[in-house]
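Enquirer: So the sequence shown is numbered by the numbering used here: it starts at 2 and just counts up by one.
For glycine and all other residues, C-beta sits at the position ideal for the given N, C-alpha and C.
It should be emphasised that the depicted structure is a prediction, and the values quoted were computed from it without experimental measurement.
Pasting a structure here, questions to come.
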Amino acid sequence: MDVAPSDTLDDISTHFNEAFTFIKNWLISFLFASIFISFFIDEIISTWISSFEFEISELTVYSPERWLRMRWGTVMLAGLIISIPYGSFLISKFVNPGLYPFERKFILYLIGFSTLVICTIVPYCWFVISPTIMKEFTEITAIEQISSSYDISMIYTIVLGITWSIVIAIISLTSQSISGILVDRDNIESTPVKWRIHMISLFILYLLLSGPLSPLWLPLSVSIIILTEFIHALIPSKSTSLIQSGFTTLNSDGSINRVAVLDCNCEDSCPSLINPPSNVAVIKTESICLNDESNERVIQILKSKRYTKFIVTGCNGIPIPKITKEYLNSSSTELVGLSWLDKRGFHPEDNNLAEKRRVIQLNQECNNHSNYDNSIVISDPGWGRYIPPGYISLPQYDQN
Numbered sequence: 002m003d004v005a006p007s008d009t010l011d012d013i014s015t016h017f018n019e020a021f022t023f024i025k026n027w028l029i030s031f032l033f034a035s036i037f038i039s040f041f042i043d044e045i046i047s048t049w050i051s052s053f054e055f056e057i058s059e060l061t062v063y064s065p066e067r068w069l070r071m072r073w074g075t076v077m078l079a080g081l082i083i084s085i086p087y088g089s090f091l092i093s094k095f096v097n098p099g100l101y102p103f104e105r106k107f108i109l110y111l112i113g114f115s116t117l118v119i120c121t122i123v124p125y126c127w128f129v130i131s132p133t134i135m136k137e138f139t140e141i142t143a144i145e146q147i148s149s150s151y152d153i154s155m156i157y158t159i160v161l162g163i164t165w166s167i168v169i170a171i172i173s174l175t176s177q178s179i180s181g182i183l184v185d186r187d188n189i190e191s192t193p194v195k196w197r198i199h200m201i202s203l204f205i206l207y208l209l210l211s212g213p214l215s216p217l218w219l220p221l222s223v224s225i226i227i228l229t230e231f232i233h234a235l236i237p238s239k240s241t242s243l244i245q246s247g248f249t250t251l252n253s254d255g256s257i258n259r260v261a262v263l264d265c266n267c268e269d270s271c272p273s274l275i276n277p278p279s280n281v282a283v284i285k286t287e288s289i290c291l292n293d294e295s296n297e298r299v300i301q302i303l304k305s306k307r308y309t310k311f312i313v314t315g316c317n318g319i320p321i322p323k324i325t326k327e328y329l330n331s332s333s334t335e336l337v338g339l340s341w342l343d344k345r346g347f348h349p350e351d352n353n354l355a356e357k358r359r360v361i362q363l364n365q366e367c368n369n370h371s372n373y374d375n376s377i378v379i380s381d382p383g384w385g386r387y388i389p390p391g392y393i394s395l396p397q398y399d400q401n
């Protein structure tokens with residue numbers, strides 16, 4: 002069983018240092034690849050121009066500034082293609098320690114496939130697709146007895162913009178797929194992460210597709226969003242997700258109160274959590290007693306916010322796995338079991354008051370004031386004695 006990663010300040014600092022080192026190494030490789038390509042840039046451009054089968058007399062460059070962009074744009078694009086496999090390796094190396102086996106395998110294949118597509122489609126687009134399209138376009142638009150003249154720098158600008166757009170679109174879809182694997186779509190962070198990636202990628206596409214390519218921006222952006230939704234729909238939901246973030250409150254003694262509630266389905270036998278208090282974080286999961294991955298994800302969520310109290314809805318807390326109890330003890334997190342599977346405290350057939358009792362009990366544990374009719378509350382008669390319909394008893398003690 003994998004151990005859930007730690008999130009202490011020292012560990013976070015270490016992760017940032019690793020990320021900075023990996024980014025620096027990739028930028029250095031990109032720089033060296035670009036410098037290396039710059040020595041052969043004339044041959045590369047000549048080979049690309051010759052693939053169009055134009056006569057030299059038909060070619061011209063109307064703008065020296067475009068010619069400079071043509072040279073250096075080609076250097077940067079070729080440098081990216083050469084260095085992107087190394088960058089993909091660094092990304093895989095950085096994320097692997099924090100992934101589960103299934104996630105690690107899936108993301109590794111996804112990054113490898115995306116890298117292969119980018120490294121294949123860019124040269125193919127430049128040396129095969131664009132010359133073919135240009136040839137067909139020339140034959141269709143040709144006018145008899147009028148000589149043709151082509152601004153090769155303009156053709157280059159169009160091909161470069163489209164190529165970069167394809168690369169950004171592939172990177173965006175890959176990032177969305179990875180985020181969908183790491184952050185479940187039921188998680189409250191799923192939508193913000195998804196739209197952050199959208200905003201960054203669509204803004205970059207807007208810059209790349211300015212000028213003559215601007216009409217392509219809207220349909221390409223819509224296509225990326227639709228494909229993203231399709232990808233997220235294909236990714237199966239995880240067994241554990243944070244569906245409510247909650248917030249920190251202060252106790253009467255000035256101490257911090259940060260509560261997490263485990264809405265545990267417990268193999269569909271536990272009553273569902275209805276209208277939880279807004280100040281508590283709600284973790285929806287299957288049985289953490291029977292599912293190791295669910296248990297580890299719960300620990301990850303608990304570590305991320307450093308909760309002071311952990312409330313289990315379905316049982317009294319005794320069946321909690323050992324690794325979870327060890328974490329709760331080491332972090333001084335109070336474990337509270339509401340024992341909702343018990344029939345004690347209400348008449349077995351009085352479902353309305355049973356639900357009301359659960360709401361009152363949960364609010365009390367979360368230090369929230371809840372208004373209820375004291376006249377229906379009676380003393381606990383003890384085990385084996387039914388409480389009359391229309392009455393409830395509130396718990397007088399916690400059993401951890």
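Cutting at 6 Å between CB atoms, please list the residues of its own chain near Ser93, excluding the five before and the five after it.
Expert: Counted from its first residue, the sequence shown places residue 93 at position 92. Answer for Ser93: Leu109 and Ile112, listed in chain order.
Enquirer: Thinking C-beta only, is Ile171 closer than 9 Å to Ile119?
Expert: Start at 1 with the first residue of the sequence shown, and residue 119 comes out as number 118. Start at 1 with the first residue of the sequence shown, and residue 171 comes out as number 170. Taking 9 Å as the Cβ cut-off, Ile119 and Ile171 qualify as a contacting pair.
Enquirer: Name the DSSP beta bridge partners of Lys285, please?
Expert: The count along the sequence shown starts at 1 and reaches residue 285 at position 284. In DSSP, Lys285 forms a bridge with Ser242 and Asp264.
Enquirer: Whole angstroms is fine: what's the gap from Arg226's alpha carbon to His199's?
Expert: For the purposes of this step, residue 226 is taken as the residue at position 225 of the sequence shown. For the purposes of this step, residue 199 is taken as the residue at position 198 of the sequence shown. The question names Arg, yet the displayed sequence has Ile at residue 226. Approximately 8 Å between the Cα atoms of the pair.
Enquirer: Just verifying my parser: in three-state terms, what is the DSSP assignment at Val184?
Expert: Locating residue 184 in the sequence shown gives position 183, where the first residue counts as 1. Of the three classes helix, strand and coil, the one that applies to Val184 here is coil, per DSSP.
Enquirer: Would you call Val129 buried or exposed, if buried means 16 or more other Cβ atoms sit within 10 Å of its Cβ?
Expert: Locating residue 129 in the sequence shown gives position 128, counting from the first residue. With fewer than 16 other Cβ atoms within 10 Å, it is exposed.
Enquirer: What first and last residue would you give for the beta strand (DSSP E) that runs through Gly113?
Expert: Looking up residue 113 in the sequence shown gives position 112. Run containing Gly113: none in the beta strand (DSSP E); it sits in the alpha helix (DSSP H), Pro102 to Tyr125.
Enquirer: From Thr22 to Pro86, what does the alpha carbon distance come to, in whole angstroms?
Expert: Here residue 22 corresponds to residue number 21 of the sequence shown, with the count starting at 1. Here residue 86 corresponds to residue number 85 of the sequence shown, with the count starting at 1. Distance between the alpha carbons of Thr22 and Pro86: 17 Å.
Enquirer: Using the Cβ count rule (16 or more neighbours within 10 Å means buried), how would you classify Gln365?
Expert: Position 364 of the sequence shown, counting from 1, holds the residue named residue 365. Looking at its Cβ environment, which holds fewer than 16 other Cβ atoms inside 10 Å, Gln365 is exposed.
Enquirer: What are the boundary residues of the beta strand (DSSP E) that Lys310 is part of?
Expert: Numbered from its first residue, the sequence shown carries residue 310 at position 309. Where Lys310 is concerned, the enclosing beta strand (DSSP E) stretches over Lys310 to Val313.
Enquirer: Please determine, among Ala79, Asn369 and Gly391, the residue with the shortest C-alpha to C-alpha distance to Leu32.
Expert: Stepping through the sequence shown from its first residue, residue 32 is reached at position 31. Checking every option, the nearest Cα to that of Leu32 belongs to Ala79.
Enquirer: Going by DSSP in three states, Asp11 sits in which element: helix, strand or coil?
Expert: If you number the sequence shown from 1, residue 11 lands on position 10. Since pLDDT at Asp11 reaches only 49, below the 50 mark, its modelled position is unreliable, and no value is offered.
Enquirer: Just the C-alpha distance for Phe103 and Tyr392, rounded to the nearest angstrom, thanks.
Expert: Here residue 103 refers to the residue found at position 102 of the sequence shown. Here residue 392 refers to the residue found at position 391 of the sequence shown. For Phe103 and Tyr392, the distance between alpha carbons rounds to 50 Å.
Enquirer: Under 8 Å, with one C-beta from each stretch per pair, do the region 234–254 and the region 335–346 reach the 3-pair mark?
Expert: The region 234–254 is not in contact with the region 335–346.
Enquirer: What first and last residue would you give for the alpha helix (DSSP H) that runs through Val223?
Expert: Within the sequence shown, residue 223 is the residue found at index 222, counting from 1. Counting along the chain, the alpha helix (DSSP H) containing Val223 begins and ends at Trp218 to Leu235.
Enquirer: Can you tell me whether DSSP reads Glu335 as helix, strand or coil?
Expert: As a first step, residue 335 must be located in the sequence shown, where it is residue number 334. Strand.
Enquirer: For Thr250, name the three-state secondary structure that DSSP assigns.
Expert: By 1-based counting over the sequence shown, the position of residue 250 is 249. Residue state, collapsed to three classes: strand.
Enquirer: What does Asn18 pair with, by DSSP beta-bridge criteria?
Expert: The count along the sequence shown starts at 1 and reaches residue 18 at position 17. Answer by DSSP bridge pairing: none, since Asn18 is not bridged.
Enquirer: Can you confirm whether the region 259–274 touches the region 203–211 when touching is taken to mean that 3 or more C-beta pairs between the two stretches lie within less than 8 Å?
Expert: Because the criterion of three Cβ pairs below 8 Å is not met, the region 203–211 and the region 259–274 do not touch.
Enquirer: Under the three-state reduction of DSSP, which class applies to Phe41: helix, strand or coil?
Expert: Position 40 of the sequence shown, counted from the first residue, corresponds to residue 41. Three-state result, Phe41: coil.
Enquirer: Where does Ile319 sit, in a helix, a strand or coil, going by DSSP?
Expert: For the purposes of this step, residue 319 is identified with residue 318 of the sequence shown, where counting begins at 1. Correct three-state label for Ile319: coil.
Enquirer: Cα separation between Val168 and Asp43?
Expert: For the purposes of this step, residue 168 is identified with residue 167 of the sequence shown, where counting begins at 1. For the purposes of this step, residue 43 is identified with residue 42 of the sequence shown, where counting begins at 1. Taking the straight line joining both Cα atoms gives about 24 Å.
Enquirer: Name the one or two DSSP bridge partners that Asn258 has.
Expert: For the purposes of this step, residue 258 is taken as the residue at position 257 of the sequence shown. Partner(s): Thr250.
Enquirer: With respect to the alpha helix (DSSP H) encompassing Ile344, which residues constitute its N-terminal and C-terminal limits?
Expert: The residue given as residue 344 occupies position 343 in the sequence shown. A quick correction: the sequence has Lys, not Ile, at residue 344. First-last for Lys344: undefined, no H or E at that position.
Enquirer: Using three-state DSSP, classify Ile189 as helix, strand or coil.
Expert: Locating residue 189 in the sequence shown gives position 188, where the first residue counts as 1. Here Ile189 sits in coil by DSSP.
Enquirer: Excluding sequence positions up to five away, which residues of its chain have a Cβ less than 7 Å from the Cβ of Leu100?
Expert: The sequence position of residue 100 within the sequence shown is 99, counting from 1. Excluding positions up to five away in sequence, the list reads Ile108.
Enquirer: Taking the alpha-carbon positions, what's the Gln279 to Phe114 distance?
Expert: Translated into positions along the sequence shown, residue 279 becomes position 278. Translated into positions along the sequence shown, residue 114 becomes position 113. In the sequence as displayed, the identity of residue 279 is Ser instead of Gln. Answer to the nearest angstrom: the Cα atoms are 43 Å apart.
Enquirer: Looking at the structure shown, is Ile46 part of a helix, part of a strand, or coil, going by DSSP?
Expert: Within the sequence shown, the letter at position 45 stands for residue 46. Residue state, collapsed to three classes: helix.
Enquirer: Would Ser166 pass as a contact of Ser84 if the rule is Cβ separation under 9 Å?
Expert: Indexing the sequence shown from 1 puts residue 166 at position 165. Indexing the sequence shown from 1 puts residue 84 at position 83. The answer is no: Cβ separation not under 9 Å.
Enquirer: When the Cα atoms are used, what is the spatial distance from Ile147 to Phe53?
Expert: As a first step, residue 147 is located in the sequence shown; it is residue number 146 there, counting from the start. As a first step, residue 53 is located in the sequence shown; it is residue number 52 there, counting from the start. A caution first: Ile147 carries a pLDDT of 47, below 50, which makes its placement in the model unreliable, though a value can still be read off. In a straight line, the C-alpha of Ile147 is about 19 Å away from that of Phe53.
Enquirer: Measuring alpha carbon to alpha carbon, tell me which of Pro277, Thr309 and Cys290 ends up nearest His370.
Expert: Sequence index remark: in the sequence shown, residue 370 carries index 369 (1-based). For the residues Pro277, Thr309 and Cys290, the minimum Cα distance to His370 belongs to Pro277.
Enquirer: Spatial neighbours of Val378 within its chain, please: C-beta separation below 8 Å, excluding the five flanking residues on both sides.
Expert: Counting from one through the sequence shown, the residue named residue 378 turns up at place 377. Closer than 8 Å at Cβ, skipping near neighbours: Tyr392, Ile393, Ser394 and Leu395.
Enquirer: Just the C-alpha distance for His233 and Pro98, rounded to the nearest angstrom, thanks.
Expert: Here residue 233 refers to the residue found at position 232 of the sequence shown. Here residue 98 refers to the residue found at position 97 of the sequence shown. Looking at the two C-alpha atoms, the distance is approximately 24 Å.
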